[in-house]
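Report on the structure given below.
Residue numbers (the numbering used here): 121 to 586.
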């Protein structure tokens with residue numbers, strides 16, 4: 121399996137373009153919503169590609185080295201999952217020149233950029249569907265979609281009855297990717313944007329594409345354009361079918377996120393958590409485990425601060441886990457400074473650039489985690505080794521190993537300080553007599569006879585021992 125050589129080092133930052141930063145007010149739509157107003161499903165707030173360009177220094181200073189952009193192609197909505205033109209940057213975001221400027225400045229700062237590919241469905245304004253609305257059964261594009269009967273009603277209230285649509289939504293007609301012209305068109309789109317400088321694709325609902333073989337062709341097309349392009353699928357369940365040479369390098373790792381949130385919200389105990397994350401990762405080939413896209417939040421979920429009941433200690437603990445676990449850690453824009461928000465559209469709030477509204481302590485902790493991740497090869501490429509746990513104390517440990525280097529992570533998910541014995545019998549500790557906490561000045565002695573390390577760990581805290 122040939123995952124891109126850069127993915128083990130990747131630390132992603134996901135940007136919802138309309139809500140990150142407004143760098144060019146001249147392309148704002150009429151009736152633009154004021155920046156920072158309560159978001160809704162239809163209004164725009166003016167974020168654009170120039171805004172990302174102007175905030176590159178912020179991203180570099182944070183320490184990330186890869187950007188995932190939600191859809192940027194011409195669409196009717198602020199989320200842009202209803203594509204009108206796959207070959208055109210949405211004018212409210214900029215144009216092709218702006219895109220090239222973003223790619224150039226990102227690459228000069230050693231940042232990769234992956235795009236969101238929505239190839240299961242289009243918007244109603246897409247040329248082929250528009251032709252069907254105009255010409256009905258005489259349309260030369262009638263086989264581009266799954267039309268049940270004519271005439272096609274695409275605008276009256278209610279679910280789609282005349283054609284197949286994503287979740288029955290009339291504004292999201294489903295493409296017929298079994299139809300050769302459709303497949304050819306989408307593969308050309310995939311190749312085009314890689315040739316324009318994109319470093320890979322995040323694929324929206326890829327398990328809903330009609331013919332599974334489409335993704336093998338997609339992979340070959342993308343890799344022919346750039347042999348080092350990263351391809352990640354939005355699959356919400358653990359499923360090894362989608363990982364490998366015929367599909368994707370990795371998946372959005374929602375099962376790991378769910379297990380971690382359940383642990384921190386007291387719904388499962390540490391032993392169950394270790395079992396769940398081990399079972400999830402063991403489904404995938406060892407090399408692909410490093411290419412998993414490890415999210416704590418996204419445009420489709422509640423903000424991590426909100427779902428953890430505004431407990432910033434638990435938010436820090438969650439990020440400590442993500443940055444020391446196997447796979448690529450992902451920060452959803454604004455989570456690093458403690459933005460709150462429920463489900464869509466609340467999770468798509470504008471980034472509050474007023475310094476008084478930023479949670480600097482959380483950001484500084486995440487920066488330290490990013491720094492550790494970037495300087496220690498073991499945290500990027502080391503084998504994941506689950507260790508022991510104590511369900512009554514709500515404490516668990518795991519390790520990352522690479523050659524003769526070992527990191528041990530210990531997490532206290534309780535409200536009390538705990539004393540815990542970390543079992544190291546499965547680790548290659550050699551002649552190590554003590555380990556140092558990289559987030560403090562203390563060290564802990566290794567008991568070679570009992571093969572344990574005795575640690576005292578404060579409540580809601582994670583230790584990174586080396």
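Cβ atoms here follow ideal geometry from the backbone N, Cα and C, with glycine treated the same way.
Thinking residue i and residue j are a contact (beta carbons under 8 Å), I'd like their distance in whole angstroms, please.
| i | j | result |
| --- | --- | --- |
| residue 123 | residue 448 | Not a contact, Cβ separation roughly 10 Å. |
| residue 584 | residue 558 | 5 Å |
| residue 489 | residue 580 | Wrong, their Cβ atoms sit about 16 Å apart, outside the cutoff. |
| residue 141 | residue 176 | Not really, about 10 Å apart at Cβ, beyond 8 Å. |
| residue 532 | residue 538 | 5 Å |
| residue 351 | residue 376 | Wrong, their Cβ atoms sit about 19 Å apart, outside the cutoff. |
If you drop the 5 nearest sequence neighbours on each side, which residues of the same chain put their C-beta closer than 7 Å to that of residue i?
| i | result |
| --- | --- |
| residue 543 | 507, 508, 571 and 572 |
| residue 393 | 379, 383 and 516 |
| residue 111 | With the chain covering 121 to 586 only, the question about residue 111 has no answer from this structure. |
| residue 578 | 532 and 537 |
| residue 331 | 297 and 298 |
| residue 334 | 297 and 303 |
| residue 623 | It is not possible to answer for residue 623, since the shown part of the chain is limited to 121 through 586. |
| residue 236 | 189, 190, 191, 322 and 324 |
Span of the beta strand (DSSP E) holding residue i?
| i | result |
| --- | --- |
| residue 453 | Where residue 453 is concerned, there is no enclosing beta strand (DSSP E), given that its DSSP letter is neither H nor E. |
| residue 382 | Run containing residue 382: none in the beta strand (DSSP E); it sits in the alpha helix (DSSP H), 374-384. |
| residue 509 | 503-510 |
| residue 132 | 132-135 |
| residue 343 | It is not in any beta strand (DSSP E) - residue 343 instead sits in the alpha helix (DSSP H) that spans 333-345. |
| residue 469 | Taken as a continuous stretch (DSSP letters only), residue 469 belongs to no beta strand (DSSP E), as it is neither H nor E. |
| residue 236 | 232-237 |
| residue 321 | 320-323 |
Of the residues the options, which one's Cα is nearest the Cα of residue i?
| i | options | result |
| --- | --- | --- |
| residue 465 | 140, 137, 161 and 149 | 161 |
| residue 192 | 202, 450 and 374 | 202 |
| residue 474 | 219, 155, 462 and 524 | 155 |
| residue 497 | 487, 526 and 247 | 526 |
| residue 163 | 420, 169 and 148 | 148 |
| residue 292 | 245, 326 and 304 | 245 |
| residue 199 | 207, 219 and 165 | 165 |
| residue 286 | 259, 423 and 266 | 266 |
| residue 486 | 467, 434 and 167 | 434 |
Tell me which residues share the same chain as residue i and place their Cβ nearer than 8 Å to its Cβ, disregarding the 5 neighbours each side in the sequence.
| i | result |
| --- | --- |
| residue 432 | 425, 458, 479, 481 and 482 |
| residue 268 | 281, 282, 283 and 284 |
| residue 307 | 337, 338 and 341 |
| residue 550 | 524 |
| residue 311 | 341, 342, 344 and 345 |
| residue 414 | 373, 376, 377, 442, 445, 447, 448, 449 and 450 |
Looking at the secondary structure, which residues open and close the alpha helix (DSSP H) in which residue i lies?
| i | result |
| --- | --- |
| residue 496 | Segment: none, residue 496 is in no alpha helix (DSSP H) and carries neither H nor E. |
| residue 403 | First-last for residue 403: undefined, no H or E at that position. |
| residue 219 | 216-228 |
| residue 428 | Note, residue 428: premise wrong, no alpha helix (DSSP H); not H, not E. |
| residue 439 | 432-444 |
| residue 251 | 247-255 |
| residue 173 | 169-174 |
| residue 304 | 300-315 |
Under the criterion of a Cβ to heavy atom distance below 8 Å, does residue i qualify as lining the ligand MG?
| i | result |
| --- | --- |
| residue 166 | The ligand MG is not among the ligands present in this structure, which contains no ligands whatsoever. |
CB-CB under 6 Å to residue i, same chain, minus the five flanking residues each way: which ones, in chain order?
| i | result |
| --- | --- |
| residue 501 | 128 and 522 |
| residue 388 | 382 |
Stretch-stretch touch, CB-based, cutoff 8 Å, three pairs: the segment 127-143 with the segment 176-188: yes
The segment 265-276 in contact with the segment 211-231 per 3-pair CB rule at 8 Å: no
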